[in-house]
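Numbering (our numbering), first residue to last: 417 to 658.
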């Protein structure tokens with residue numbers, strides 16, 4: 417498997433980029449190019465929620481309110497989840513999450529993973545625990561809290577990429593007979609599903625576009641991402657010479 421922008425493959429910051437035909441998906445007239453640019457992160461969110469096998473009426477907790485975490489919330493909502501809890505340390509991101517797709521938001525605090533999970537369950541009225549927990553942060557405390565926040569028999573999906581080795585609450589995982597899964601990017605059908613969700617109006621991605629910059633200002637966009645400014649910054653294509 418090869419990925420664009422991953423060495424030794426060049427990135428896509430060019431006027432033209434060649435791909436095999438079966439890697440391309442035609443956008444309906446109702447979907448803008450700006451929305452089309454967000455099909456990649458949406459496909460990541462679709463794959464994560466597929467791994468979680470979210471069912472209508474389930475309660476879902478998503479750790480991390482970056483673009484992928486937010487899109488997990490949106491897809492969970494489209495799939496009929498009951499409560500969708502977004503957890504993050506960034507209150508501005510959580511404010512956006514609440515207006516976008518989350519039913520509840522929780523600000524992360526410096527506390528033990530079990531205390532964090534107990535607070536989420538209590539504050540969000542999750543009963544014996546969440547049905548599904550998704551970590552889209554990669555942060556060790558969130559991973560640990562994600563295991564503790566689940567009910568017996570719940571499903572945990574690891575999507576965020578952090579340290580290679582962490583302290584993992586294997587005792588809680590075993591005692592509660594949890595289903596623990598990984599998720600890596602996307603697979604067959606995820607892009608088509610993403611286009612379908614946006615075309616049908618079940619998921620909207622326009623709200624995630626916080627800024628657009630010209631191609632010549634691409635470095636500014638990367639610096640903004642590094643500084644956690646906004647949600648998604650789009651880089652416009654190469655302008656034709658006059």
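Note that the Cβ used here is the ideal one computed from N, Cα and C, for glycine as well.
Residue 545 places its beta carbon 8 Å or farther from that of residue 521. Going by DSSP, residue 493 is part of the alpha helix (DSSP H) stretching over 483-494. Secondary structure note for residue 643: it is in no alpha helix (DSSP H), with a DSSP letter that is neither H nor E. Each residue's CA atom was taken as its position, placing residue 483 and residue 592 some 30 Å apart. For the pair residue 492 and residue 500, the CB atoms are nearer than the 8 Å cut-off. In the three-state reduction of the DSSP assignment, residue 454 falls in the coil class, being assigned neither a helical nor a strand state. Around the beta carbon of residue 632, a 10 Å sphere encloses fewer than 16 other beta carbons of the protein chains shown; the residue is thus reported as exposed.
In the three-state DSSP reduction, residue 519 falls in the coil class, being neither helix nor strand. Excluding its 5 nearest sequence neighbours in each direction, residue 468 has C-beta neighbours in its own chain below 7 Å: 548, 550, 571 and 573, listed in chain order. At a Cβ-Cβ threshold of 8 Å, residue 628 and residue 652 count as neighbours. With a cutoff of 8 Å on beta-carbon distance, residue 560 and residue 529 are scored as near each other.
Leaving aside the five residues that flank residue 474 on each side, the residues in its chain whose CB is nearer than 7 Å to its CB run, in chain order, 497, 498, 547 and 548. Pairing residue 458 with residue 610 gives a Cβ-Cβ distance under 8 Å.
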